[in-house]
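Residue numbers for the sequence shown, in our numbering: 1 to 228.
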Amino acid sequence: MFPLQLLALLFISTSQHDDEEKKKQKENKYDGIFRRGDLLQVPRTLFTHFGIYLGAGRVAHFIPDIMPLISSDQCRIRQMVTNSRLLLGVLAKCGSVRVDSVEDFAYGSEIFINTMDKVCSRPALQGEEVAMRAEKLQGDVSYSLLWYNCEHFVMYCRYGTNMSFQTFQFCKTVRRLLLSRRVAKVTAMLGACLLLYVRTVTPCSAMLAVLLPFLIWMASLSRLPCRI
Numbered sequence: 001m002f003p004l005q006l007l008a009l010l011f012i013s014t015s016q017h018d019d020e021e022k023k024k025q026k027e028n029k030y031d032g033i034f035r036r037g038d039l040l041q042v043p044r045t046l047f048t049h050f051g052i053y054l055g056a057g058r059v060a061h062f063i064p065d066i067m068p069l070i071s072s073d074q075c076r077i078r079q080m081v082t083n084s085r086l087l088l089g090v091l092a093k094c095g096s097v098r099v100d101s102v103e104d105f106a107y108g109s110e111i112f113i114n115t116m117d118k119v120c121s122r123p124a125l126q127g128e129e130v131a132m133r134a135e136k137l138q139g140d141v142s143y144s145l146l147w148y149n150c151e152h153f154v155m156y157c158r159y160g161t162n163m164s165f166q167t168f169q170f171c172k173t174v175r176r177l178l179l180s181r182r183v184a185k186v187t188a189m190l191g192a193c194l195l196l197y198v199r200t201v202t203p204c205s206a207m208l209a210v211l212l213p214f215l216i217w218m219a220s221l222s223r224l225p226c227r228i
């Protein structure tokens, strides 16, 4: 029995040593590609996800997650966030700044490095300061899809400002869609139909039916470029 136990212990120790060696090789591989404090971004289906590289194959990123709200089990919380956890986190406005491996962060997507340096008017902070900011912010944080998301987090860490280009572009697109002459015409038609259906026209309802399409129309004209 003793020889079998000795062989088992030898096999287990060898396999553990091999796993540790593979882990170190992965960490060294990513440390050769990224530097501590680099801003990493990966494309998703509808948006872009951002994170800060901490070194040793680790990435700090802010992600919506419902699990910290419903469970105190740290083992469950540390597991990779599934789509259902992410969606429920968005609805509950609950998220966490967590540290995951580069593989879990990328989720099979291509990783881009420091592309915001070309867009942001502010200079990037030193890599060590960026990483330390990200590490200090670890933990549960209120999440907002528009006002505080993963891009706000990395922008603060790397540039010292809370902003999101994705949020800006989204709001700009919504404004373009809503404040258009076509919407003004549709609003005027709906107002007229509503007044005919109700068959009771008061000064207040008539003013609303006229004023709302007029304001939308004027707002759409304000977006047009001036021609000289």
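No residue lacks a Cβ here, since even glycine has one placed at the ideal position from N, Cα and C.
None of these values were measured; they are calculated from a predicted model.
Between residue 158 and residue 64, what straight-line distance do the alpha-carbon atoms span, to the nearest angstrom? If you number the sequence shown from 1, residue 158 lands on position 158. If you number the sequence shown from 1, residue 64 lands on position 64. Taking the straight line from one Cα to the other gives about 21 Å.
With 16 other Cβ atoms within 10 Å as the buried cut-off, status of residue 33: Locating residue 33 in the sequence shown gives position 33, where the first residue counts as 1. Burial check for residue 33: the Cβ neighbour count within 10 Å stays below 16, so the residue is exposed.
With distances taken between CB atoms, is the gap from residue 123 to residue 96 smaller than 7 Å? Counting from 1 along the sequence shown, the entry for residue 123 is found at position 123. Counting from 1 along the sequence shown, the entry for residue 96 is found at position 96. It is not a contact, given that the beta carbons lie outside the stated cut-off.
Residue burial classification, residue 182 (beta-carbon count within 10 angstroms, cutoff 16): On the sequence shown, residue 182 is found 182 positions in, with the first residue counted as 1. With fewer than 16 other Cβ atoms from the protein chains shown falling within 10 Å of its own Cβ, residue 182 counts as exposed.
Among 51, 189, 136 and 186, which has the Cα closest to the Cα of residue 103? For this step, residue 103 is matched to residue 103 along the sequence shown. Cα-wise, what sits closest to residue 103 is 51.
Short of 6 Å in beta carbon distance, which residues of its chain neighbour residue 58, apart from the five on each side in sequence? Order them along the chain. Looking up residue 58 in the sequence shown gives position 58. So the qualifying residues of the chain are 99.
From residue 111 to residue 30, what distance separates their C-alpha atoms? Counted from its first residue, the sequence shown places residue 111 at position 111. Counted from its first residue, the sequence shown places residue 30 at position 30. Looking at the backbone, the Cα of residue 111 and that of residue 30 are separated by about 11 Å.
Give the secondary structure of residue 48 by DSSP, where H, G and I count as helix, E and B as strand, and everything else as coil. Position 48 of the sequence shown holds residue 48. Residue 48 carries a strand assignment under DSSP once its states are collapsed to helix, strand and coil.
Cut-off 8 Å between Cβ atoms - residues of its own chain near residue 8, not counting five sequence neighbours on either side: In the sequence shown, the residue the question calls residue 8 occupies position 8. Bear in mind that a pLDDT of 47 at residue 8, under 50, signals an unreliable position, so the model cannot answer this.
Where residue 211 sits in the DSSP three-state scheme: By one-based count along the sequence shown, residue 211 stands at place 211. Looking at residue 211 - three-state DSSP - the assignment turns out to be helix.
Burial state of residue 138 (16 or more Cβ within 10 Å): Along the sequence shown, one-based indexing puts residue 138 at 138. Residue 138 is classed as exposed because its beta carbon has fewer than 16 other beta carbons within 10 Å across all chains shown.
Whose CA, out of 119, 166 and 118, lies closest to the CA of residue 43? In the sequence shown, the residue the question calls residue 43 occupies position 43. Closest option to residue 43, Cα to Cα, is 166.
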